[in-house]
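Novice: The numbers in our numbering rise by one with no breaks, and the one at position 116 of the sequence shown is 116.
Ideal placement from N, C-alpha and C gives every residue a C-beta, glycine not left out.
From a predicted model like this one, the values you see are computed outputs, not experimental measurements.
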Amino acid sequence: MDSADLNVLRSVLEWRRAGQRVVLFSVVQTWGTAPRAPGAMLALREDGVVIGSVSGGCVEDDLIARLHDGRIASDGPPVQLITYGVTREEAARFGLPCGGTLRLTEERVGDPAWVAELLARCEAHEIVARELNIETGGVLLSAASKSDALAFDGKTLRAIYGPRWRLLLIGAGQLSRYVADMARLLDFEVLICDPRTEFVYGWEEHHGRFVPGMPDDAVLSIQTDERTAIVALTHDPRLDDMALLTALDSPAFYVGALGSRVNSQKRRNNLAQLGLSPEAINRLHGPIGLHIGSHSPAEIALSLLAEIVAIKNGVELKQKKAVEGA
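Rendered as structure tokens:
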């Protein structure tokens, strides 16, 4: 779950605890070219304040109008279904592209206990399913897996929520600062490990969280999972290889290390001598990043994060394969 979704739920919890009425809208189905995917959320407070988005700005004004003109009744059904873009004319009126259609749940939030529990479980890096009964408005939370997807059968909405994607940087040098800033914009939680105290100064403004200890201990202590990327950037094999030995045997979806092609091959040979299996070594991304002719730290950071995001999104890196083949 990205920070936008987290912020929606945090606001729902804050507003309800303050005694304010809240309606939560969720995208449950789309047809054609819809602006937001199923699962997108928007919370509407009783005074018209909103947070989140279900259409990228197309229908938000009408949702607010529903509140002010009485279409959202305080004593009506706890959950209703709303559809936008049924006709091409209506799609054009609401700004839905290419005649797209989206269906939303309009859910009046009562007891916010489920919101607090859901947020706590996501913070604990659990993947959680929320089942919403359309008829009663009842909510049931249960454990889910990364392969689960949102499902809606007209009676029950089963939405999947999970922790934010994380990026652990080994090394707190100049390149790591550029990577951290860009990663935050891409909604990664940024973690840094560097036992060299000389590199700690000035990191406060980059909003990364330092993980104490040596790199291999850091990989273990954060309980690395399938939503974690780990990149070694110190250029010191005594630190980088410590992290890689542990990271390459972890569930991390991306493990990379800074270095040239020659140094990357030397690193693979060293890892083999240290007892790492060929299967684990083959998971290593090195040199890191997509080939964009990068030279400056900012360009290298951009190249690295483009590769990480592509892998996170399941995109085959044909461009990098072509460069390596050449």
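Which residues in the same chain have their Cβ closer than 6 Å to the Cβ of Q20, if we skip the five residues on either side of it in sequence?
Specialist: Counting from 1 along the sequence shown, the entry for residue 20 is found at position 20. Excluding sequence neighbours, Q20 sits near R45, E46.
Novice: Can you list, in chain order, the residues of its chain with a C-beta nearer than 6 Å to that of G137? Leave out the 5 residues immediately preceding and following it.
Specialist: In the sequence shown, the residue the question calls residue 137 occupies position 137. Contacts found: P78, V79.
Novice: Would you give the residue range spanned by the alpha helix (DSSP H) that W203 belongs to?
Specialist: Residue 203 sits at position 203 when you count from the first residue of the sequence shown. Looking at the DSSP string, W203 is not in any alpha helix (DSSP H), and its letter there is neither H nor E.
Novice: Contact between the segment 220-228 and the segment 159-173: three or more CB pairs below 8 Å?
Specialist: Yes, the segment 220-228 is in contact with the segment 159-173.
Novice: Just to confirm before moving on: does the CB-CB distance between L274 and D236 stay below 9 Å?
Specialist: As a first step, residue 274 must be located in the sequence shown, where it is residue number 274. As a first step, residue 236 must be located in the sequence shown, where it is residue number 236. No.
Novice: Checking 9 Å against the spacing of the C-beta atoms, do D5 and A40 come in under that value?
Specialist: Here residue 5 is taken as the residue at index 5 of the sequence shown, counted from 1. Here residue 40 is taken as the residue at index 40 of the sequence shown, counted from 1. Cβ atoms of D5 and A40: closer than 9 Å.
Novice: Taking only runs that begin and end inside the segment 196-255, name each unbroken alpha helix (DSSP H) of 4 or more residues, in chain order.
Specialist: Whole alpha helix (DSSP H) segments, 4+ residues: 215-221, 237-247.
Novice: Enumerate in chain order the residues of its own chain whose CB-to-CB distance from A310 is below 7 Å, with the five nearest sequence positions on each side excluded.
Specialist: As a first step, residue 310 must be located in the sequence shown, where it is residue number 310. These residues qualify, in order along the chain: L317.
Novice: Please specify which runs of the alpha helix (DSSP H), each continuous and at least 4 residues long, are wholly inside the segment 18-82, giving them in chain order.
Specialist: Taking only runs of at least 4 residues, the alpha helix (DSSP H) segments lying wholly in the segment 18-82 are 60-68.
Novice: By Cβ distance below 8 Å, which residues in the same chain neighbour K321 in space, the five residues on each side in sequence not counted?
Specialist: As a first step, residue 321 is located in the sequence shown; it is residue number 321 there, counting from the start. Low confidence applies to K321: its pLDDT is 49, below 50, so where it sits in the model is not reliable, and the reading given next is rough at best. Once the five neighbours on either side are set aside, K321 has no close Cβ partner at all.
Novice: Whose C-beta lies closer than 8 Å to the C-beta of L304 among residues of the same chain, with five residues either side of it excluded?
Specialist: Translated into positions along the sequence shown, residue 304 becomes position 304. Around L304: V179, V231, G256, I288, G289.
Novice: I'd like to confirm the pairing. Which residues does DSSP put opposite T105 in its beta bridges?
Specialist: Position 105 of the sequence shown, counted from the start, is the residue given in the question as residue 105. S26, L81, per the DSSP bridge assignment.
Novice: How many Å lie between R17 and D194 at the Cα?
Specialist: Walking along the sequence shown from the start, residue 17 turns up at place 17. Walking along the sequence shown from the start, residue 194 turns up at place 194. Their Cα atoms are separated by approximately 40 Å.
Novice: Starting from S176, follow the alpha helix (DSSP H) in both directions and report where the run begins and ends.
Specialist: Position 176 of the sequence shown, counted from the first residue, corresponds to residue 176. Here the alpha helix (DSSP H) through S176 covers 174-185.
Novice: Classify H285 as buried or exposed, calling it buried when 16 or more other Cβ atoms lie within 10 Å of its own Cβ.
Specialist: The residue you call residue 285 lines up with position 285 of the sequence shown. Classification of H285: buried, given that the 10 Å Cβ count is 16 or more.
Novice: Assuming P36 and V28 are in contact, meaning their beta carbons sit under 8 Å apart, how far apart are those beta carbons, in whole angstroms?
Specialist: Here residue 36 is taken as the residue at index 36 of the sequence shown, counted from 1. Here residue 28 is taken as the residue at index 28 of the sequence shown, counted from 1. Checking the sequence shown, residue 36 turns out to be Arg, not Pro. The pair is not a contact, with the Cβ atoms about 11 Å apart (cut-off 8 Å).
Novice: Looking at G100 and G32, is the spacing between their C-beta atoms short of 9 Å?
Specialist: One-based indexing of the sequence shown puts residue 32 at position 32. One-based indexing of the sequence shown puts residue 100 at position 100. Yes, these two residues count as a Cβ contact at 9 Å.
Novice: May I have the straight-line CA-CA distance separating G325 from R108, to the nearest angstrom?
Specialist: Residue 325 sits at position 325 when you count from the first residue of the sequence shown. Residue 108 sits at position 108 when you count from the first residue of the sequence shown. Confidence at G325 is low in this model, with a pLDDT of 43, below 50, so its placement is unreliable and the value that follows should be read with caution. Their backbone Cα atoms lie some 56 Å apart in a straight line.
Novice: Leaving aside the five residues before and after R327 along the sequence, list all residues of the same chain whose C-beta is less than 6 Å from its C-beta, in chain order.
Specialist: The chain is shown from 1 up to 326; residue 327 falls before or after that span and cannot be answered.
Novice: What first and last residue would you give for the beta strand (DSSP E) that runs through A129?
Specialist: Position 129 of the sequence shown, counted from the first residue, corresponds to residue 129. Taken as a continuous stretch (DSSP letters only), the beta strand (DSSP E) holding A129 covers 128-133.
Novice: Quick one: what's got a C-beta closer than 6 Å to V323's C-beta in the same chain, skipping five residues either side?
Specialist: Taking the first residue of the sequence shown as position 1, residue 323 is located at position 323. For V323, the predicted model reports a pLDDT of 47, less than 50, meaning its position is unreliable; a value from the coordinates is still stated below. Within the same chain, V323 has close Cβ partners H291.
Novice: Need the endpoints of the alpha helix (DSSP H) that I192 sits in, please.
Specialist: By 1-based counting over the sequence shown, the position of residue 192 is 192. That residue, I192, is in no alpha helix (DSSP H); its beta strand (DSSP E) goes 189-193.
Novice: Tell me the rounded alpha-carbon separation between L157 and L186.
Specialist: Residue mapping note: residue 157 aligns to position 157 of the sequence shown, counting from 1. Residue mapping note: residue 186 aligns to position 186 of the sequence shown, counting from 1. Rounded to the nearest angstrom, the two C-alpha atoms are 28 Å apart.
Novice: Is the segment 199-206 close to the segment 248-267, with three or more CB pairs under 8 Å?
Specialist: Flag = no, the segment 199-206 and the segment 248-267 do not touch.
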